[in-house]
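Q: Just so we're aligned, residue 1 is where the sequence shown starts under full-length UniProt numbering, counting upward by one.
Have a look at this one.
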Amino acid sequence: MEAGAGGKGPGLAAFNPKREYRTVAPWWSHWNAPSLGFFGPKRCYSVMSPCTVSWQLGVGLRPLGAGGLAKARNGTDETALALFNQERLYSVAARRFGRKWRPDSSDEDEEGATTPKRNLRFGKFGASSEEDSESDESGDTSTIRRRWSSAALRNCDMKKERRVLKSYEEESNDLAGRIRELREEIKNREVLGTERRRYESRGESLLTSKRFDECGISPLTVKALADAGYVQTTVVQEAALPICLEAGKDVLIKAKTGTGKSAAFLLPAIESVLNGMKSNTNHRVSPIFALVLCPTRELAIQLTAEANVLLKYHKGIGVQSLIGGTRFKLDQRRLESDPCQILVATPGRLLDHIENKSSFSVRLMGLKLLVLDEADHLLDLGFCKDIEKIVDSLPRQRQTLLFSATIPKEVRRVSQLVLKRDHVFVDTVGLGAVETPTKVQQSCLVVLHELHFHMVHRLLLEHIDREVDYKVIVFCTTAMVTEFMYIMLRDLKLNVREIHSRKPQLYRTRISEEFRDSNRLILVTSDVSTRGVNYPDVTLVIQVGAPPDREHYIHRLGRTGREGKSGKGILLLAPWEEYFLNEIGDLPVEKHTAPDIDQEIKQKVDDSIKIVDMSIKEAAYHAWLGYYNSIADIGRDKTMLADLANRFGASIGLEKPPAIYRKTALKMGLKDVPGIRIRK
Numbered sequence: 001m002e003a004g005a006g007g008k009g010p011g012l013a014a015f016n017p018k019r020e021y022r023t024v025a026p027w028w029s030h031w032n033a034p035s036l037g038f039f040g041p042k043r044c045y046s047v048m049s050p051c052t053v054s055w056q057l058g059v060g061l062r063p064l065g066a067g068g069l070a071k072a073r074n075g076t077d078e079t080a081l082a083l084f085n086q087e088r089l090y091s092v093a094a095r096r097f098g099r100k101w102r103p104d105s106s107d108e109d110e111e112g113a114t115t116p117k118r119n120l121r122f123g124k125f126g127a128s129s130e131e132d133s134e135s136d137e138s139g140d141t142s143t144i145r146r147r148w149s150s151a152a153l154r155n156c157d158m159k160k161e162r163r164v165l166k167s168y169e170e171e172s173n174d175l176a177g178r179i180r181e182l183r184e185e186i187k188n189r190e191v192l193g194t195e196r197r198r199y200e201s202r203g204e205s206l207l208t209s210k211r212f213d214e215c216g217i218s219p220l221t222v223k224a225l226a227d228a229g230y231v232q233t234t235v236v237q238e239a240a241l242p243i244c245l246e247a248g249k250d251v252l253i254k255a256k257t258g259t260g261k262s263a264a265f266l267l268p269a270i271e272s273v274l275n276g277m278k279s280n281t282n283h284r285v286s287p288i289f290a291l292v293l294c295p296t297r298e299l300a301i302q303l304t305a306e307a308n309v310l311l312k313y314h315k316g317i318g319v320q321s322l323i324g325g326t327r328f329k330l331d332q333r334r335l336e337s338d339p340c341q342i343l344v345a346t347p348g349r350l351l352d353h354i355e356n357k358s359s360f361s362v363r364l365m366g367l368k369l370l371v372l373d374e375a376d377h378l379l380d381l382g383f384c385k386d387i388e389k390i391v392d393s394l395p396r397q398r399q400t401l402l403f404s405a406t407i408p409k410e411v412r413r414v415s416q417l418v419l420k421r422d423h424v425f426v427d428t429v430g431l432g433a434v435e436t437p438t439k440v441q442q443s444c445l446v447v448l449h450e451l452h453f454h455m456v457h458r459l460l461l462e463h464i465d466r467e468v469d470y471k472v473i474v475f476c477t478t479a480m481v482t483e484f485m486y487i488m489l490r491d492l493k494l495n496v497r498e499i500h501s502r503k504p505q506l507y508r509t510r511i512s513e514e515f516r517d518s519n520r521l522i523l524v525t526s527d528v529s530t531r532g533v534n535y536p537d538v539t540l541v542i543q544v545g546a547p548p549d550r551e552h553y554i555h556r557l558g559r560t561g562r563e564g565k566s567g568k569g570i571l572l573l574a575p576w577e578e579y580f581l582n583e584i585g586d587l588p589v590e591k592h593t594a595p596d597i598d599q600e601i602k603q604k605v606d607d608s609i610k611i612v613d614m615s616i617k618e619a620a621y622h623a624w625l626g627y628y629n630s631i632a633d634i635g636r637d638k639t640m641l642a643d644l645a646n647r648f649g650a651s652i653g654l655e656k657p658p659a660i661y662r663k664t665a666l667k668m669g670l671k672d673v674p675g676i677r678i679r680k
């Protein structure tokens with residue numbers, strides 16, 4: 001490299017043939033224009049302004065002085081800026097001088113060597129667009145590497161080895177779009193459940209001889225069902241659809257999970273929308289004709305996806321969801337901009353919109369159908385008051401469908417609030433019938449509470465060895481105990497995921513979809529995954545600790561053995577939790593002797609417990625104490641509860657029980673109880 005003027009400064013610095021190139025203006029240059037640069041991880045281009053530094057064309061580079069610049073301005077000398085690359089050096093005519101690189105020109109370096117001729121055209125640097133197009137049409141195009149400037153390539157694809165006009169890629173783009181459509185269609189076929197061949201492989205079929213085209217629903221809906229692989233109805237659908245499709249008829253339906261009950265109310269919802277749109281044509285914004293209330297976000301997302309499959313051929317009809325964990329204003333904007341004749345919502349978020357957005361309440365005045373899915377779970381979660389407020393804001397002239405897997409007294413009480421007196425009761429389970437899936441093997445192990453985590457690890461290892469395509473759900477008592485279990489199992493190198501109420505909604509949705517579409521995976525969760533969510537092919541459900549009640553046990557167990565398949569459920573109890581067996585005494589639960597825990601497994605689990613952060617252990621202790629304090633059979637004896645909680649804390653690595661706030665202790669009735677530390 002030559003030095004700058006008078007040898008006072010370098011004309012080109014920091015030249016690296018492998019990693020990067022950059023030009024540095026000599027310190028004697030005039031900075032009349034800013035430098036333009038582009039830096040990348042493997043190449044670095046830095047192009048200085050023509051008034052700052054320039055080079056003559058050729059392999060040998062030397063800085064130009066004032067005389068060279070004058071010649072360039074007069075057009076007597078070919079001048080360009082250098083664009084460096086990690087393999088070759090390309091010269092691009094400088095925009096500043098408006099010069100065009102002549103394809104038939106050749107340049108000589110100082111030693112007389114001639115650079116090879118290259119047939120290159122750069123329309124943006126002086127050549128006309130007609131000239132370029134003629135060259136392209138004649139096929140006289142030369143090979144261009146990916147490292148060319150996008151300005152030189154104009155309307156050509158930089159990613160191609162040859163210059164290819166974008167118009168020639170439209171067909172391939174259409175093909176890519178078609179592939180995406182086919183993939184989406186295949187995915188939609190799996191949203192409502194598995195395809196028909198899964199039904200045919202069952203020993204006990206859920207299908208009946210009745211076809212959907214005989215049910216009096218829209219032909220477009222029948223076509224969408226056929227595309228998804230559904231022609232015949234299930235037992236629940238055959239019993240419920242004829243009554244639910246009667247306009248204005250209120251129905252209370254008792255149905256087990258995994259029997260196709262979602263379609264039993266989504267199909268009437270679509271029919272109510274079609275009938276409502278015929279009589280309401282003057283609205284600028286369409287009313288919400290059908291409202292579905294469900295207890296969890298995951299269930300709302302799943303129902304929305306199922307409704308979209310059924311609406312495949314119904315143009316102009318849309319379904320939206322309102323769930324917690326999303327921004328309120330984004331929900332408003334989406335409801336106003338996108339079609340929404342069917343709304344799937346959780347009660348809390350729906351009530352927020354009713355109370356804070358008057359135009360939303362106006363849209364609900366056109367409601368034709370109200371559906372309460374998983375009604376017993378809605379009431380278990382404390383949504384009774386929210387449901388009462390929501391019902392008060394809805395028109396009285398409507399149809400209401402109430403679906404529930406169990407009919408406790410709380411459900412009967414709310415049915416009197418939302419259903420007409422002459423409502424119809426449909427029992428698809430049968431009086432006295434077992435409410436759990438018939439092909440699920442149920443067992444119970446009674447193990448010391450301090451060894452519950454060790455036993456879970458052993459059970460998982462045994463099941464993984466036995467099942468090639470295992471898919472396991474582990475239910476824990478609280479969200480923080482769930483997180484503790486997840487961290488421990490992850491450290492033990494198991495393929496595990498977690499879902500609980502402390503996780504943001506986007507995370508929960510992503511993990512839920514991953515678990516739904518995968519095998520050889522373990523999901524550790526709290527009761528947010530208890531109801532409604534369809535996870536196909538679950539081979540084992542483990543319930544750690546006593547469930548809150550009988551209904552929770554049934555719904556947790558219902559995550560396996562769906563659609564007539566076999567499964568296995570294990571209930572893990574401590575000796576002082578055996579009272580719960582009385583609540584499920586009529587169910588086929590076999591009590592087994594707990595296997596011994598190998599010393600090696602015990603040591604591995606103990607080591608994994610040690611790595612869990614202390615803050616998570618303390619939060620798990622507080623959550624565990626609150627959970628069992630709410631269970632009457634345990635919480636009524638506060639002294640025993642405190643002792644059990646402290647033993648649990650010691651089993652997860654707490655040297656002493658964490659203190660709780662005085663206000664919390666008063667609410668829980670634990671003030672002045674021995675063993676409970678109060679935070680000062």
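Using N, Cα and C, we set each Cβ at its ideal position, and we do this for glycine too.
Within 10 angstroms of its Cβ, does Asn629 collect 16 or more other Cβ (buried), or is it exposed?
A: So Asn629 counts as buried.
Q: Apart from the five residues just before and just after Ile631, which ones in its own chain have a Cβ nearer than 8 Å to its Cβ?
A: The answer, listed in chain order, is Ala546, Pro548.
Q: Consult DSSP for Arg363 and reduce its assignment to one of helix, strand or coil.
A: DSSP places Arg363 in helix when its eight states are reduced to three.
Q: Can you tell me whether DSSP reads Val612 as helix, strand or coil?
A: It is coil, neither helix nor strand.
Q: Flag this pair as touching only if the segment 316-335 and the segment 217-233 have three or more C-beta atom pairs under 8 Å; answer yes or no.
A: Taking 8 Å as the limit for Cβ pairs, the verdict is that the segment 217-233 does not touch the segment 316-335.
Q: I believe Gln332 touches Val273 by the beta-carbon criterion, under 8 Å. Please report the beta-carbon distance rounded to the nearest angstrom.
A: Contact flag wrong, Cβ pair sits at about 21 Å.
Q: Among residues of its own chain, excluding the 5 on either side of Gln543, which ones have a beta-carbon nearer than 6 Å to its beta-carbon?
A: Taken in chain order, the residues that qualify are Phe475, Arg556, Leu571.
Q: Identify the continuous beta strand (DSSP E) that holds Ala594 and give its terminal residues.
A: Neither: Ala594 is in no beta strand (DSSP E) and is coded neither H nor E.
Q: Spatial neighbours of Asn646 within its chain, please: CB distance less than 8 Å, with the 5 preceding and 5 following residues excluded, ordered by chain position.
A: These residues qualify, in order along the chain: Pro657, Gly675.
Q: Give every residue of the same chain whose Cβ lies closer than 7 Å to the Cβ of Thr639, excluding the five residues on either side of it in the sequence, and list them in chain order.
A: Within the same chain, Thr639 has close Cβ partners Val673, Pro674.
Q: If you compare alpha carbons, which of Leu330, Val371, Val362 is closest to Thr346?
A: Nearest of Leu330, Val371, Val362 to Thr346, Cα basis: Val371.
Q: Given that a residue counts as buried once 16 or more other Cβ atoms are within 10 Å of its Cβ, and exposed if not, what is Asp338?
A: Asp338 is exposed by the Cβ-count criterion.
Q: Contact between the segment 417-430 and the segment 252-266: three or more CB pairs below 8 Å?
A: Touching, per the Cβ criterion.
Q: Whole angstroms is fine: what's the gap from Glu483's alpha carbon to Tyr470's?
A: Distance between the alpha carbons of Glu483 and Tyr470: 22 Å.
Q: Which residues in the same chain have their Cβ closer than 6 Å to the Cβ of Leu523, if we skip the five residues on either side of it in sequence?
A: Around Leu523: Ile473, Arg497, Phe515.
Q: Here's the rule I'm using: 16 or more other beta-carbon atoms within 10 Å means buried, otherwise exposed. How should residue 710 be labelled?
A: Coverage of the chain is limited to positions 1 through 680, which leaves residue 710 absent and any answer about it impossible.
Q: Buried or exposed: where does Trp101 fall if 16 or more other Cβ atoms within 10 Å of its Cβ makes it buried?
A: Any answer about Trp101 is weak, because its pLDDT of 43 lies below 50 and its placement is not dependable; what the coordinates show is given next. Looking at its Cβ environment, which holds 16 or more other Cβ atoms inside 10 Å, Trp101 is buried.
Q: Quick check on Arg679: does DSSP put it in helix, strand or coil?
A: If DSSP states are grouped into helix, strand and coil, Arg679 belongs with the strands.
Q: Does the contact criterion of 3 or more C-beta pairs under 8 Å hold for the segment 239-250 versus the segment 396-414?
A: Contact between the segment 239-250 and the segment 396-414 is present, because at least three Cβ pairs lie under 8 Å.
Q: Which residues does DSSP pair with Lys471 in a beta bridge?
A: DSSP lists Leu521 as partners of Lys471.
Q: Out of curiosity, what's the CA-to-CA distance linking Gly324 and Glu355?
A: Rounded to whole angstroms, Gly324 to Glu355 spans 15 Å at the Cα level.
Q: According to DSSP, what are the bridge partners of Arg211?
A: DSSP lists Gln232 as partners of Arg211.
Q: So is His592 buried or exposed if we call it buried at 16+ other beta carbons inside 10 Å?
A: Under this definition His592 is an exposed residue.
Q: On the premise that Glu306 lies in contact with Ser361, defined as a C-beta separation below 8 Å, what is that separation, rounded to the nearest angstrom?
A: About 27 Å separates the two Cβ atoms, so there is no contact after all.
Q: Roughly how many angstroms lie between the CA atoms of Thr530 and Ser512, to the nearest whole one?
A: Thr530 and Ser512: Cα-Cα distance of roughly 12 Å.
Q: For Val612, count neighbouring C-beta atoms within 10 Å of its own C-beta (all shown protein chains included) and say buried if the count is 16 or more, exposed if not.
A: By the 10 Å Cβ count, Val612 comes out buried.
Q: Tell me the rounded alpha-carbon separation between Val422 and Lys389.
A: The amino acid at residue 422 is misidentified as Val; the sequence shows Asp. Each residue's Cα considered, the two are about 23 Å apart.
Q: Kindly list the residues whose CB is nearer than 6 Å to the CB of Met668, restricted to its own chain and excluding five residues on each side of it in sequence; keep chain order.
A: The answer, listed in chain order, is Asn629.
Q: Identify whether Val285 lies in helix, strand or coil by the three-state DSSP scheme.
A: Coil.
Q: Go to Cys568, then tell me how far its alpha helix (DSSP H) extends in each direction, as first and last residue.
A: At residue 568 the sequence reads Lys, which differs from the Cys that was named. Counting along the chain, Lys568 falls outside any alpha helix (DSSP H), though it belongs to the beta strand (DSSP E) covering 567-573.
Q: For Ile542, which of helix, strand or coil comes out of DSSP?
A: Strand.
Q: With a CB to CB cut of under 6 Å and the five nearest residues on each side skipped, what residues in its chain are close to Glu450?
A: Closer than 6 Å at the Cβ level, and outside the excluded window around Glu450, lie Ser651.
Q: Looking only at its own chain, which residues have a Cβ that is under 6 Å from the Cβ of Arg662, when we skip the five neighbours before and after it?
A: Taken in chain order, the residues that qualify are Ile678.
Q: Just the Cα atoms here: how many angstroms apart are Pro395 and Gly626?
A: Whole-angstrom Cα-Cα distance: 40 Å.
Q: So, at 6 Å on beta carbons, what are the nonlocal neighbours of Arg334 in its own chain, with the 5 sequence-adjacent residues on each side left out?
A: There are no such residues.
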